[in-house]
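Quick note on the UniProt record's numbering: the sequence shown kicks off at 1 and runs consecutively.
A virtual CB, placed ideally from N, CA and C, is assigned to each residue, including glycine.
All values derive from a computational prediction rather than experimental measurement.
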Amino acid sequence: MAFAVHPKHDCPHVETDALSPFNASQHPQTEENNPHSKPCRTCGDPTENWVCLQCLAVHCGREINGCAAVHGGEASHPIVLSLADHSIWCYACDSYITHPLLTPWYEHIYRFKFGTTPAPIHGVPADLFAAESTPAAATAAATVAASTGAASTSRDTAATTPTDSGKATPSGAISSDCAASASKTDDETQPRQRSYTLAQGSKLPKHVVIDRIKGVVFGQAIGDAFGLATEFMSVAQALEAYGPDGPADYSKIVRDRHRSRWVQGDWTDDTDQMIVIMRSLIKNNGKVVVQDIAEGLLHWVEHGFPEVGDVRGLGLGNTVGEVVEHPDFTKDPHGVAQMVWEKGGKRAAANGGVMRTAILGVLDYNDIAKVIENTRNVCKITHADPRCIASCVSVTTAIALILQGAFDCSDSEQQKALVQRAYEYGEREMTEPEHIEDYRKHVFAESLQALDLCSQGMGYTLKTLGCGFYALRGSPSFEGGLRQVTMCAGDADTNAAVFGALAGAKVGFNKLPTHLRDTLPYIEWIMTFINQLLDIMHLTTNSSDPLYLNRKGVTR
């Protein structure tokens, strides 16, 4: 969601602590110079890395094994650029920064990954630097403008995106219908032309189904926000920071380089991308429209959700970033995702799909075949690996079965049967025997420790899936399980988000821990989308229902 600390534009350390000015002849666009192809020089991990803009060394951002804390005799690399979302951090300022002298570096490294000229850093217009008060900044701005020309123009102000109708519209307009409907009252909007019908299709009373649907969304948001506390830490670092039980609440989460990007209690990209999907479902009356979701993801990457103060999408994973920023992404998202996967040797099976698709277990929950079809289509927008698809299908079918009341979630044997059924649906998405065996091992892991969540491949989709099913197989309670997953560290926000979605479906909204549920930011904002989705699903028709509180506007 929103940047807690907006980038500084007057960092005084760039001229002394970064390699500047940029000289293209000394840094040609060759594979040898491509930082995106290099693993962390300390631990060898190939993902979520940073490049030092003084020595060009690549290191991981997990602060494990001292990866981010050694630079000659200095305490750290002084100024670093994220190879995931291309944000820039200055250790001396203890802040994210932008600076005109760094713009050529930013564009150079961006082109290595995407082959195109990027939008300005953090979405900041190129002419912002002209307003800087220092002579050095003004001179640098002129230099950058001369060297980059129109290439610095932001796509949200200049580019257009083709729509299904063939008309070109500004890329920033793709979510306008949904954003507008969220801010209008019922009297101001036209009656929906519903293309979606859903008989309740559940053994559970309607109010229980609704409570569990809300539990999915808020459970994921809570898990995401709480798991951020230990994301990219080692277990030892998590214990040192919080003790064995983790932080008491969001206010106790440490505010370091990574976590200071989000306001207190905020969720990260996992839940943001789920909201992108929700908004598209609402816009399209309960239909999954692949191209519209792709356009929504691109808009989120470039702008975040401006109505709640975002500057851009935060926490972007490597796979999602490489796919979404491809020039053909909105034209053929499945084809681009397949191409990126094949280019990587068909090895990448990251958790960026499973982290966002829980909501598809809600849509059409009484039709498992439709749930699987929708899930497969949305996962493949960015993640083509069958292990990713199987992970998503397992989670969404489990949620759908819970909403159907097909299994008694209060009975341990019934929970095991639920996991087995969801496992079988997911297994059908894979053909490689070794993948199937690995899938089984993670789904039926005897403990969280058996998942090895803090290992080098911490972003592996099956590790996250194993955390999700821990909610159904071994978790003592929502909060107890959440704390256990979080204190395993690693990719904790994603692991905890998927855990939270499944645990939330199991216990429902009303049994979520109130000190974590009611202190989330933007509650009214996200409730608006839940209400609209319930309305489309014909699950709520009574305007006096407490679930409809705050549905007439967006409160910041």
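Distance check for residue j and residue i, CA to CA, integer angstroms please.
i	j	result
G246	A503	19 Å
V320	Y242	31 Å
S394	K380	15 Å
D269	G315	6 Å
Q237	D266	22 Å
L101	V14	7 Å
Q264	E432	43 Å
residue 558	V80	Since the first and last residues shown for the chain are 1 and 556, residue 558 lies out of range.
D328	E424	34 Å
M233	A489	6 Å
I399	Y365	8 Å
G426	F444	13 Å
D310	G304	5 Å
Q220	N318	21 Å
Q334	Q291	Position check: residue 334 holds His in this sequence, whereas Gln was assumed. H334 and Q291: Cα-Cα distance of roughly 9 Å.
E437	V308	43 Å
R347	V340	11 Å
K214	G480	20 Å
K506	I402	7 Å
E446	L465	13 Å
residue 557	K416	There is simply no residue 557 to check, as the chain begins at 1 and stops at 556 in what is shown.
E342	R255	38 Å
N34	L482	38 Å
S412	D272	32 Å
A84	K113	10 Å
residue 557	S260	Residue 557 is absent from the model: the chain starts at 1 and stops at 556.
Identify which residue in the options has its Cα closest to the Cα of residue i.
i	options	result
G353	L102, N510, Y365 and R387	R387
V301	Q291, E307, G313 and A294	G313
M355	L462, E524 and G335	L462
C454	D438, G481, N531 and A492	A492
V217	V362, S82 and E413	V362
V289	Y91, W341, N374 and D310	N374
L297	I282, I275 and K287	I275
M537	S37, G201 and A450	G201
N351	V498, P521, K252 and L472	V498
A369	E429, V308, R255 and K252	E429
R279	I526, L539 and E413	I526
V419	L520, H435, G457 and Y470	Y470
According to DSSP, which residues form a beta bridge with residue i?
i	result
residue 580	With the chain running from 1 to 556 in the structure shown, residue 580 is simply not present.
T81	One point to set straight first is that residue 81 is Leu, not Thr, in the sequence displayed. Beta-bridge pairing links L81 to V51 and I88.
H108	Paired residues: none, contrary to the question.
I97	K8
V58	V51
For residue i, count the other beta carbons within 10 Å of its own beta carbon; 16 or more makes it buried, fewer makes it exposed. Which is it?
i	result
R212	buried
C178	Below a pLDDT of 50, predicted positions are generally treated as unreliable, and C178, at 35, falls in that range; the measurement from the model is reported next regardless. C178 comes out buried.
V209	buried
H515	exposed
P7	buried
C55	exposed
A18	buried
A450	exposed
R257	buried
S82	buried
K283	buried
E322	buried
As an exercise, report each continuous alpha helix (DSSP H) stretch of at least 4 residues that is fully enclosed by the stretch 360 to 391, in chain order. 368 to 379
Enumerate, from N- to C-terminal direction, the unbroken alpha helix (DSSP H) stretches of 4 or more residues contained entirely within the stretch 413 to 443. Runs found: 433 to 443.
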